[in-house]
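Have a look at the structure below, then the notes.
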Amino acid sequence: MNTIAIYPGTFDPITYGHLDIIVRATKMFNNIIIAIANNTKKKPIFSLKERIELTRKVTLHLKYVRKVLGFNDLLANLAKKERSKILIRGVRTILDFDYEVKLATINKKIYPELDSVFLLSSQEVSFISSSFVKEMALYKGNIKPYLPKEVHAALIKKLRQ
Ligand code: COA
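So for the sequence shown, UniProt numbering puts the first residue at 1; every next one is plus one.
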């Protein structure tokens, strides 16, 4: 069965935390779309194009990741357009949960056929966030354990600019 599932986020940049969710999602769904929100309100340091390129590079080996795309729309509208009825979200701690419930509820109001599936982050990566990694990088902390090597190189280069 072809089950299209969308994994959305800002991915500024993609970390091992996101990859943990993606790899595990490929064991459940055979057509995964990674949807990267432009999300200018978060003031991303990587452009949308750069985030798409980096995410493509580090998911190239995953056969069930069929598409990596950028979007500047409501997530529920994108899901409808892509004919997906499943949203994948990672939940790291209880602190993520409240926000996720609100997001899932609003998305369902807009597109009632859409269901959110929550995956608990693996314990070893559950403390990672993109801002935490960027802040560490800014103060020259060791961020290698948290990022695929292409992303690590891109972040170091970006911060030098
Ligand atoms: N492991 C580690 N870190 C994770 C993670 C995981 N499994 N999952 C999320 N994170 C981190 C991210 O790095 C990010 O960290 P940061 O805030 O420090 O950058 C944080 O958790 C939240 O990230 P993310 O999952 O990317 O969510 P987001 O809040 O950036 O984006 C969207 C959420 C894109 C789904 C949401 O903004 C959206 O749907 N936008 C479109 C407009 C819309 O439809 N809005 C809702 C209706 S009004």
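Glycine included, C-beta positions come from ideal geometry on N, C-alpha and C.
- For Phe-71, the uninterrupted beta strand (DSSP E) run begins and ends at 65 to 71, by DSSP.
- Leaving aside the five residues that flank Phe-97 on each side, the residues in its chain whose CB is nearer than 8 Å to its CB run, in chain order, Val-91.
- When the alpha-carbon of Pro-13 is set against those of Met-136, Leu-155 and Asp-20, the nearest one is in Leu-155.
- When C-beta atoms of the segment 105 to 120 are compared with those of the segment 33 to 50, fewer than three pairs fall below 8 Å, so the two segments do not count as touching.
- The Cβ atoms of Arg-66 and Ile-32 lie closer than 8 Å to each other.
- At a cut-off of 7 Å, the beta-carbon of Ser-129 counts as near ligand 1: some heavy atom of the ligand is closer than that.
- Asp-20 counts as buried, since at least 16 other C-beta atoms from the protein chains shown sit within 10 angstroms of its C-beta.
- DSSP assignment within the segment 92 to 137 yields the following whole alpha helix (DSSP H) runs of 4 residues or more, N-terminal first: 94 to 110.
- Annotated as proximal: Ile-88 and Ala-5, with beta-carbon spacing under 8 Å.
- Under the 10 Å beta carbon count, Pro-148 is surrounded by 16 or more other beta carbons and is classified as buried.
- The beta carbon of Phe-29 is closer than 6 Å to those of Thr-3 and Ala-5 in its chain, skipping five residues each way along the sequence.
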